[in-house]
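Peer 1: Quick note on the numbering used here: the sequence shown kicks off at 2 and runs consecutively. We put the CB at the ideal spot given by N, CA and C, even for glycine. This is the structure I want to talk about, given as structure tokens.
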Amino acid sequence: MTMKYFKNMNTTRRDFLKGIGKGALTTAMMAAPFWARNVFAQTANKKVLFLYHPDGSFPDLWHPSGTETNFTLPAMTSPLESVKQHCVFVEGLEMVGSLGGHDGMGEILTADNDFSLDYFLGEQLGGGFPFKSIQLGVSSNRGAAPEKRMTILPGSVPVAANDDPNNAFETIFGSGGNSIERDRANSVLVTAREDLNALRTKLGTQEQAKLDEHENAILDVQARINDVSTEACDSSGWNPEGFGLIRPGGWPSFLDRDENFDVIAKLQMDIIVLAFKCGMTPVSSLTFSREVSPFKLPGFNSNHHQSSHHGGDQSGQDFQEFIAYKQYWCQQLAYLINSLAATPDTDGNSLLDNTLILMGSAMGDGNRHNQKNMPFVMAGGAGGALTTGRYLQYAEGTAHSKLLVSVANKMGVNIDSFGNTESGTGGLAGL
2 MTMKYFKNMN TTRRDFLKGI GKGALTTAMM AAPFWARNVF AQTANKKVLF
52 LYHPDGSFPD LWHPSGTETN FTLPAMTSPL ESVKQHCVFV EGLEMVGSLG
102 GHDGMGEILT ADNDFSLDYF LGEQLGGGFP FKSIQLGVSS NRGAAPEKRM
152 TILPGSVPVA ANDDPNNAFE TIFGSGGNSI ERDRANSVLV TAREDLNALR
202 TKLGTQEQAK LDEHENAILD VQARINDVST EACDSSGWNP EGFGLIRPGG
252 WPSFLDRDEN FDVIAKLQMD IIVLAFKCGM TPVSSLTFSR EVSPFKLPGF
302 NSNHHQSSHH GGDQSGQDFQ EFIAYKQYWC QQLAYLINSL AATPDTDGNS
352 LLDNTLILMG SAMGDGNRHN QKNMPFVMAG GAGGALTTGR YLQYAEGTAH
402 SKLLVSVANK MGVNIDSFGN TESGTGGLAG L
């Protein structure tokens, strides 16, 4: 802002004083939208997070039993018992799409559309954020074919998630993006103060007092901007390499070594929580491994994919290990829920209160490769739009595209369809 701005206003002194807050202060905030959100937010922006776990489930041991508000979790989802008050368990949905089986990974957020819901919501909600959306993974690129991606750009272009927490952190925080926005905000506010001081000699005592109020408001904004940057969004202590990841040569790389999986998963989840906390993006996705997953937990006989083909023998080792793998993914979801719940947002609520999480997989029954009764779990408050602590049972074969519509609606994006509409339009009733 310059003095020329004020000269061109062509208003009376009364009009000018009435508009100072809209000129000097608001223009400064328009020049730094990221910091404006963090400083001024009376209500925080909504966030959405999509989680992916591979190779389906075993529906009878995934979905709860009981009523909408009085239900019991079975073996696979039992790690969510301590946080089920923050969750919504959805049963009865069938995947919409033509690929099927493991290739359905590319349809879980598209429903046969040529772009995915996370991309779409990033375009709708991400304006003014440093990143419209971010896509992270944990060993998700380990020999992954293009169709085994969750994020799809227009034209059915798959996007590989970033599996490297060091690179992800540097990309999101280390490039100076947030410090640049902070410096720009401070610079504009300094200019605003200079312009106000230049006008001081032209105003009477009463007007000068009013001017002082606005200058104090600008000083307060500067202090709060710097407070946000140095405290609420302090990332100086972040040191992923300090976790001692093994970096041997050969194949697989250190990012794909099973012994590093748990550490990398926690790092990626922590990066997402920090990105939400600092207002870097409203949309994120996290892909755990990939379809036909080679991931193997320590001490297990079979890798993830092998265990999913247990043949229905519930007493067999593969079946028991498949249960443990599914429990592992639910443990990751519980970790995220607790992390978001423990992190305050700009409106005084928690990040979890303002976030919608959707976790799913490409198949309902991984052994049979069918896409019925998909293993979807939702969590978080979505800014008050999602009532949690529920188990919702829909008619068998209900199109999962309706769930995608509901997610968009709860994020404040009003759409009536997403993807293939052969099974109808609209969202899920009662969600």
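#1: Less than 9 angstroms between the beta carbons of ASP56 and VAL293, yes or no?
#2: Please name the residue in HIS103, ASP319, ASP314 and HIS64 whose C-alpha comes closest to that of ASN302.
#3: Buried or exposed: where does ASN71 fall if 16 or more other Cβ atoms within 10 Å of its Cβ makes it buried?
#4: So which of GLU108, PRO80, VAL89 and LEU62 has the shortest CA-CA distance to TYR53?
#5: Quick check: what's the CA-CA separation for ALA400 versus SER424?
#6: Please go through the stretch 102-158 and give each complete alpha helix (DSSP H) segment of 4 or more residues, from N-terminal end onward.
#7: Can you give me the Cβ contacts of ASN421 inside the same chain, cut-off strictly under 8 angstroms, excluding the 5 residues immediately before and after it?
#8: Which one of GLU82, GLY384, PHE90 and GLU95 has the shortest CA to CA distance from LEU359?
#9: Pull up the distance between the alpha-carbon of ASP346 and that of THR44, whole angstroms please.
#10: Nearest to PHE255 by alpha carbon, out of ALA276, GLU171, ASN167 and SER117?
#11: Taking only runs of the alpha helix (DSSP H) that begin and end inside the stretch 291-358, which ones reach a length of at least 4 residues, in chain order?
#12: Can you tell me where the alpha helix (DSSP H) with MET270 in it begins and where it stops?
#13: Check whether the Cβ atoms of LYS48 and LEU357 sit closer than 9 angstroms, and answer yes or no.
#14: Could you give the distance in angstroms between the alpha-carbon of ALA396 and the alpha-carbon of LEU353?
#15: Please list, in chain order, all residues of the same chain as ASP228 whose beta carbon is under 6 angstroms from its beta carbon, the five residues on each side excluded.
#16: In whole angstroms, give me the CA-to-CA distance for SER308 and ILE324.
#17: What distance in whole Å lies between the Cβ atoms of THR288 and MET151, which are believed to be in contact at a cut-off of 8 angstroms?
#18: Ignore the nearest five residues each way along the sequence and tell me which others in SER58's own chain have a CB closer than 8 angstroms to its CB.
#19: Are LEU341 and VAL274 closer than 9 angstroms when you measure CB to CB?
#20: Grab me the residues of LEU432's own chain with a C-beta within less than 6 angstroms of its C-beta, minus the 5 sequence neighbours each way, in chain order.
#21: Looking at the unbroken alpha helix (DSSP H) that takes in ALA363, where does it start and where does it end?
#22: Alpha carbon to alpha carbon, how far is ASN374 from ASP61?
#23: Which residue comes first and which comes last in the alpha helix (DSSP H) that contains PHE170?
#24: What residue range does the beta strand (DSSP E) around SER285 cover?
#25: When DSSP labels each residue in this structure, what does LYS85 get in the three-state scheme?
#26: Between the stretch 311-318 and the stretch 156-170, do at least 3 Cβ pairs fall closer than 8 angstroms?
#27: Between MET1 and PRO131, which are expected to be in contact by the criterion C-beta below 8 angstroms, what is the C-beta distance as a whole number of angstroms?
#28: Using 10 angstroms around the beta-carbon of GLN86, count the other beta-carbons present and answer buried if the total reaches 16, otherwise exposed.
#29: From the DSSP output, which residues share a beta bridge with MET379?
#30: In chain order, what residues of the same chain have a beta carbon less than 6 angstroms from the beta carbon of ASN410, not counting five sequence neighbours either side?
#31: Could you give the residue range of the beta strand (DSSP E) that holds ALA400?
#32: Per DSSP, what are the beta-bridge partners of ASN371 in this structure?
#33: Three-state secondary structure (DSSP) at PHE1?
Peer 2: Result, derived from the coordinates:
#1: Counting from one through the sequence shown, the residue named residue 56 turns up at place 55. Counting from one through the sequence shown, the residue named residue 293 turns up at place 292. Result yes, Cβ atoms of ASP56 and VAL293 sit closer than 9 angstroms.
#2: Position 301 of the sequence shown, counting from 1, holds the residue named residue 302. The residue with the shortest Cα to Cα distance from ASN302 is ASP319.
#3: Translated into positions along the sequence shown, residue 71 becomes position 70. Under a 10 Å Cβ-count criterion, ASN71 is classified as exposed, with fewer than 16 other Cβ atoms of the shown protein chains found around its own Cβ.
#4: By 1-based counting over the sequence shown, the position of residue 53 is 52. Considering only alpha carbons, the answer is GLU108.
#5: Position 399 of the sequence shown holds residue 400. Position 423 of the sequence shown holds residue 424. If I take the Cα positions, the gap works out to 6 angstroms.
#6: Counting whole runs of 4 or more residues, the stretch 102-158 contains the alpha helix (DSSP H) stretches 118-126.
#7: As a working mapping, residue 421 is identified with position 420 in the sequence shown. If we look at ASN421 and ignore the five residues flanking it on each side, its Cβ neighbours are VAL97, GLY98, ALA112, ASP113, ASN114, ALA400 and SER402.
#8: What you label residue 359 is simply residue 358 of the sequence shown in a count that begins at 1. Closest by alpha carbon: PHE90.
#9: Start at 1 with the first residue of the sequence shown, and residue 346 comes out as number 345. Start at 1 with the first residue of the sequence shown, and residue 44 comes out as number 43. C-alpha separation (whole angstroms): 9 angstroms.
#10: Within the sequence shown, residue 255 is the residue found at index 254, counting from 1. Here the closest residue by C-alpha is ASN167.
#11: Complete alpha helix (DSSP H) runs here, min 4: 305-309 and 318-342.
#12: As a first step, residue 270 is located in the sequence shown; it is residue number 269 there, counting from the start. Boundaries of the alpha helix (DSSP H) harbouring MET270: 259-278, taken from the DSSP string.
#13: Here the question's residue 48 lines up with position 47 in the sequence shown. Here the question's residue 357 lines up with position 356 in the sequence shown. With contacts defined as CB atoms closer than 9 angstroms, LYS48 and LEU357 qualify as a contacting pair.
#14: For the purposes of this step, residue 396 is taken as the residue at position 395 of the sequence shown. For the purposes of this step, residue 353 is taken as the residue at position 352 of the sequence shown. Roughly 29 angstroms between the two C-alpha positions.
#15: For the purposes of this step, residue 228 is taken as the residue at position 227 of the sequence shown. Any reading at ASP228 must be qualified, since the residue scores a pLDDT of 45, below 50, and its modelled position is unreliable; no value is offered.
#16: Translated into the one-based positions of the sequence shown, residue 308 becomes position 307. Translated into the one-based positions of the sequence shown, residue 324 becomes position 323. Near 9 angstroms, if we compare the C-alpha coordinates of ILE324 and SER308.
#17: Looking up residue 151 in the sequence shown gives position 150. Looking up residue 288 in the sequence shown gives position 287. Contact between MET151 and THR288 is confirmed by a C-beta separation of about 5 angstroms, below the 8 angstroms threshold.
#18: In the sequence shown, residue 58 corresponds to position 57, counting from 1. Cβ neighbours of SER58 beyond the five flanking positions: MET77, LYS327, SER362, MET364, GLY365, ASP366, GLY367 and PRO376.
#19: Counting from one through the sequence shown, the residue named residue 341 turns up at place 340. Counting from one through the sequence shown, the residue named residue 274 turns up at place 273. Taking 9 angstroms as the Cβ cut-off, LEU341 and VAL274 qualify as a contacting pair.
#20: By one-based count along the sequence shown, residue 432 stands at place 431. The beta carbon of LEU432 sits closer than 6 angstroms to the beta carbons of SER407 from its chain, once the five residues preceding and following it are set aside; these are given in chain order.
#21: As a first step, residue 363 is located in the sequence shown; it is residue number 362 there, counting from the start. Looking at the DSSP string, ALA363 is not in any alpha helix (DSSP H), and its letter there is neither H nor E.
#22: Within the sequence shown, the letter at position 373 stands for residue 374. Within the sequence shown, the letter at position 60 stands for residue 61. The alpha-carbon atoms of ASN374 and ASP61 are separated by roughly 10 angstroms.
#23: Mapped onto the sequence shown, residue 170 falls at position 169. Run containing PHE170: 166-170, per the alpha helix (DSSP H) assignment.
#24: Position 284 of the sequence shown, counting from 1, holds the residue named residue 285. That run of the beta strand (DSSP E) goes 284-289.
#25: For the purposes of this step, residue 85 is identified with residue 84 of the sequence shown, where counting begins at 1. The answer is helix: DSSP assigns LYS85 an H, G or I state.
#26: They do not touch, by the three-pair rule.
#27: Nothing about residue 1 can be reported from this structure: the residues present for the chain run from 2 to 432 only.
#28: Working through the sequence shown from its first residue, we reach residue 86 at position 85. Its Cβ having fewer than 16 others within 10 Å, GLN86 is exposed.
#29: Numbered from 1 along the sequence shown, position 378 holds the residue referred to as residue 379. Note: MET379 sits in a beta bridge opposite VAL89 and LEU359.
#30: The count along the sequence shown starts at 1 and reaches residue 410 at position 409. Taken in chain order, the residues that qualify are GLY428.
#31: Here residue 400 is taken as the residue at index 399 of the sequence shown, counted from 1. ALA400 -> beta strand (DSSP E) spans 391-400.
#32: Numbered from 1 along the sequence shown, position 370 holds the residue referred to as residue 371. DSSP, once it has assigned bridges, lists ASP366 as partnering ASN371.
#33: In this structure the chain extends from 2 to 432, so residue 1 is not present and cannot be described.
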